[in-house]
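Taking the UniProt record's numbering, the leading residue of the sequence shown gets 1, the next gets one more, and so forth.
Yeah, the Cβ is synthetic: ideal placement off N, Cα and C, and Gly gets one too.
First the structure, in the form of structure tokens, and then the observations on it.
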Amino acid sequence: MTALGLRLPTGKLLEPLAALGRVNRACSTFQTFAEVLRLPTRQMTKLAFPLQELQRQLTPDSRLDLHVKTFDPSLEDISKAESVFTATGRNCIEYLSSAVRLDHAPDLPHPEVCFIGRSNVGKSSLIKALFSLAPEVEVRVSKKPGHTKKMNFFKVGKYFTLVDMPGYGYRAPEDFVDMVETYLKERRNLMRTFLLVDSVVGIQKTDSIAIGMCEEFALPYVMVLTKIDKSSRGHLLKQVLQIQKFVDTETQGCFPQLFPVSSVTYSGIHLLRCFIANITGNLKTNGL
């Protein structure tokens with residue numbers, strides 16, 4: 001058996017990045033799940049359940065290394081979750097305010113989720129993809145890392161609040177630790193922290209800042225693997241298996257299932273929306 005349970009490289013496994021780019025561009029218009037459901041089964045699975053698609057590349061005895069069924073909603077559940085993220089006259093999705101201190105943050109009764117990650121991990125791009133069904137929402141995406149300097153609060157109708165946290169590492173705000181630590185420790189309505197990890201480079205030393213905070217404060221958190229469109233399948237598989245092993249052996253509060261996503265192809269975005277709707281109490285599924 002090859003290292004990490006991978007099959008021997010094949011032409012399909014190591015297909016050129018140029019070809020992957022063409023596929024990614026072709027998939028980039030599938031923003032609604034109704035569009036995804038009209039695709040051929042294999043392509044639909046790749047976009048809706050990217051971890052399940054990756055599992056097919058593993059040898060049978062190593063497939064248990066990926067927890068692909070920990071959150072297992074039906075296609076109907078994923079479709080229902082879209083209503084939470086779709087802006088309508090009755091469901092206003094909007095940017096609320098920014099804050100550098102917790103006592104300046106809006107005091108809202110709704111459940112809250114926050115997104116945190118290293119600078120240039122693709123956090124703002126991911127949030128923009130999640131809000132693609134509410135095109136009026138302005139999520140600023142910069143080509144330069146470290147663009148987010150404050151905590152940005154977005155109201156998702158009557159359902160929940162989403163918080164975009166400053167990035168850590170390169171060009172992080174000077175008061176990053178105080179700002180984020182206070183928020184994570186004291187925000188009473190925080191339901192889940194989404195920790196973003198670049199799937200191209202894996203967990204970096206700077207990621208230990210956020211991981212350490214979540215573990216120290218006994219917070220429930222989830223690892224979201226970004227930029228899965230930027231790697232060959234072989235490289236992505238190795239990264240996913242290594243990160244899954246880290247979650248299994250080195251963490252206590254991390255949700256066991258990883259969520260690979262691409263803000264370019266929308267792969268994994270629909271499943272992540274469903275998970276958020278579920279944990280904020282706005283969708284009852286059999287997935288958890």
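Alpha carbon of residue i to alpha carbon of residue j, nearest angstrom
i	j	result
K205	V68	26 Å
T265	R101	35 Å
P50	C214	26 Å
T32	R38	11 Å
residue 289	A99	The structure shown has nothing for residue 289, since the chain only spans 1 to 288.
S83	C274	10 Å
T285	F71	10 Å
L272	F259	7 Å
F255	D178	25 Å
L95	F85	Reading off the sequence, residue 95 comes out as Tyr, not Leu. Cα to Cα, Y95 sits roughly 13 Å from F85.
N189	G212	20 Å
Y221	L196	10 Å
K123	Y159	21 Å
T182	S132	30 Å
V180	L236	30 Å
A134	S232	31 Å
residue 324	E76	Look at the range of the chain in this structure, 1 to 288, and you will see that residue 324 is not part of it.
F115	G253	16 Å
M165	M151	5 Å
L58	R90	45 Å
S79	V121	28 Å
G281	I203	30 Å
L184	S119	18 Å
Supposed contact pair residue j and residue i - C-beta distance, whole angstroms, cut 8 Å
i	j	result
Q244	L66	6 Å
I93	V163	That belief does not hold up - the Cβ atoms of I93 and V163 are roughly 14 Å apart, past 8 Å.
G157	G117	So it is not a contact: roughly 25 Å between Cβ atoms.
I279	M191	6 Å
E112	R187	7 Å
V201	I228	The Cβ separation is near 13 Å, so there is no contact.
V240	L54	6 Å
residue 351	F153	Outside the displayed span of the chain (1 to 288) sits residue 351, for which this structure offers no information.
T161	H110	5 Å
A129	I269	5 Å
S263	L126	5 Å
Residue i burial status per 10 Å Cβ neighbour count (16 or more: buried)
i	result
T226	buried
D198	buried
Q257	buried
R42	exposed
P73	buried
A81	buried
A48	buried
A34	exposed
K46	buried
DSSP-derived helix/strand/coil call for residue i
i	result
C254	strand
S28	Any reading at S28 needs caution, since the residue's pLDDT is 46, under 50, leaving its predicted position unreliable; the model's value is listed next. Of the three classes helix, strand and coil, the one that applies to S28 here is coil, per DSSP.
residue 300	Nothing in the structure corresponds to residue 300, since the chain is present only between 1 and 288.
F150	A quick correction: the sequence has Lys, not Phe, at residue 150. Residue state, collapsed to three classes: coil.
T161	strand
F33	helix
F259	strand
V139	coil
L54	helix
V240	helix
V247	helix
V23	Because V23 carries a pLDDT of 39, less than 50, the predicted location of this residue cannot be relied on, and the following value inherits that uncertainty. Three-state result, V23: helix.
task: Just list the alpha helix (DSSP H) runs in the region 163-232, keeping only unbroken ones of 4 residues or longer that don't cross its boundaries, in chain order.
output: Qualifying alpha helix (DSSP H) stretches, in chain order: 176-186, 207-216.
- request: Could you pull out every unbroken alpha helix (DSSP H) segment of at least 4 residues lying fully inside the region 68-125, listed in chain order?
  value: If we require 4 residues or more, the alpha helix (DSSP H) runs fully inside the region 68-125 come out as 75-85.
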